[in-house]
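Start counting the sequence shown at 14; every next residue gets the next number (my numbering). The beta carbon of each residue, even a glycine, is placed where N, CA and C say it ideally should be. These numbers come from a predicted model, not from an experiment.
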Amino acid sequence: MKSITIFFALLLASGIALATPTIELSAGMHRIEAEVASTPADRATGLMNRPAMPTHRGMLFVFDEAGVQCFWMKNTLIPLSIAFLDDDGRIVQIADMRPQSLDNHCSVKPVRFALEMNAGWFRSRGLSAGARINGIGKAAAGR
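Here you go:
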């Protein structure tokens, strides 16, 4: 047990981040493996400084309560699309975001969830406002 504690202490001291928890979501027949960003630190870091992301991966941002949520792309190296989701997982709106941009992308109404995927992911699968992302309840329950 002592060696495990020492390992994690060294890992933290080295600056290597521990893996963000993931959950499986779906949009119709499309599977999504989403990292869950539910703490202020995880939400602030998001997908920054990543050179690439697999097609089926994304990041689900979970907020304590519904509000107008705004995102930017500072230090984000890959183009992304973001879907703002209501409490039932329905897409309220989708925005495309350019890498390294400081432009704000805000939800048009209060939401508790936002899902970032590679740019064009939603469009290429025929998903738009009103479509449902299944499984976000697991992320809310796990908080």
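Can you tell me which residues form a DSSP beta bridge with A47? As a working mapping, residue 47 is identified with position 34 in the sequence shown. Its beta-bridge partners are I36, G71.
When the Cα of R70 is compared with those of T33, S51, K151, which residue comes out closest? Indexing the sequence shown from 1 puts residue 70 at position 57. For R70, the nearest C-alpha among the options comes from T33.
Over what stretch of residues does the alpha helix (DSSP H) that includes R125 continue unbroken? For the purposes of this step, residue 125 is identified with residue 112 of the sequence shown, where counting begins at 1. DSSP places R125 outside any alpha helix (DSSP H); the residue lies instead in the beta strand (DSSP E), whose first and last residues are 124-131.
Excluding the 5 residues flanking T35 on each side, which residues of the same chain have their C-beta closer than 7 Å to its C-beta? Locating residue 35 in the sequence shown gives position 22, counting from the first residue. These residues qualify, in order along the chain: E46, A47, E48, V49.
Work out the CA separation of G41 and M61 for me, nearest whole Å. Your numbering for residue 61 matches position 48 in the sequence shown. Your numbering for residue 41 matches position 28 in the sequence shown. In a straight line, the C-alpha of M61 is about 28 Å away from that of G41.
The stretch 135-142 contacting the stretch 84-93, beta-carbon criterion three pairs below 8 Å: no
Can you give me the start and stop residues for the alpha helix (DSSP H) that D55 sits inside? Mapped onto the sequence shown, residue 55 falls at position 42. Segment 53-58, the alpha helix (DSSP H) holding D55.
Find the nearest neighbour of R111 within the set R125, V105, A127, F84, judged by alpha-carbon distance. Walking along the sequence shown from the start, residue 111 turns up at place 98. Cα-wise, what sits closest to R111 is F84.
Return the bridge partner residues of D109 from the DSSP annotation. For the purposes of this step, residue 109 is taken as residue 96 along the sequence shown, with counting starting at 1. Note: D109 sits in a beta bridge opposite S94.
Check this for me: beta carbons of A79 and P123, under 8 Å apart or not? By 1-based counting over the sequence shown, the position of residue 79 is 66. By 1-based counting over the sequence shown, the position of residue 123 is 110. It is a contact, given that the beta carbons lie within the stated cut-off.
Just to confirm before moving on: does the CB-CB distance between V81 and R125 stay below 8 Å? What you label residue 81 is simply residue 68 of the sequence shown in a count that begins at 1. What you label residue 125 is simply residue 112 of the sequence shown in a count that begins at 1. It is not a contact, given that the beta carbons lie outside the stated cut-off.
Does the ligand ZN have even one heavy atom less than 7 Å from the beta-carbon of D116? Because no ligand of any kind appears in the structure shown, any question about the ligand ZN cannot be addressed here.
Counting C-beta neighbours from all protein chains within 10 Å, is the total for E37 16 or more, i.e. buried, or is it exposed? Residue 37 sits at position 24 when you count from the first residue of the sequence shown. Classification for E37: exposed.
What residues in its chain sit with their C-beta under 8 Å from that of Q106, if we drop five residues either side in the sequence? If you number the sequence shown from 1, residue 106 lands on position 93. Result list for Q106: A96, F97, S120, V121, A142, in chain order.
I104 to N131 span [Cα, whole Å]: To locate residue 104, count along the sequence shown from 1; it is residue 91. To locate residue 131, count along the sequence shown from 1; it is residue 118. For I104 and N131, the distance between alpha carbons rounds to 16 Å.
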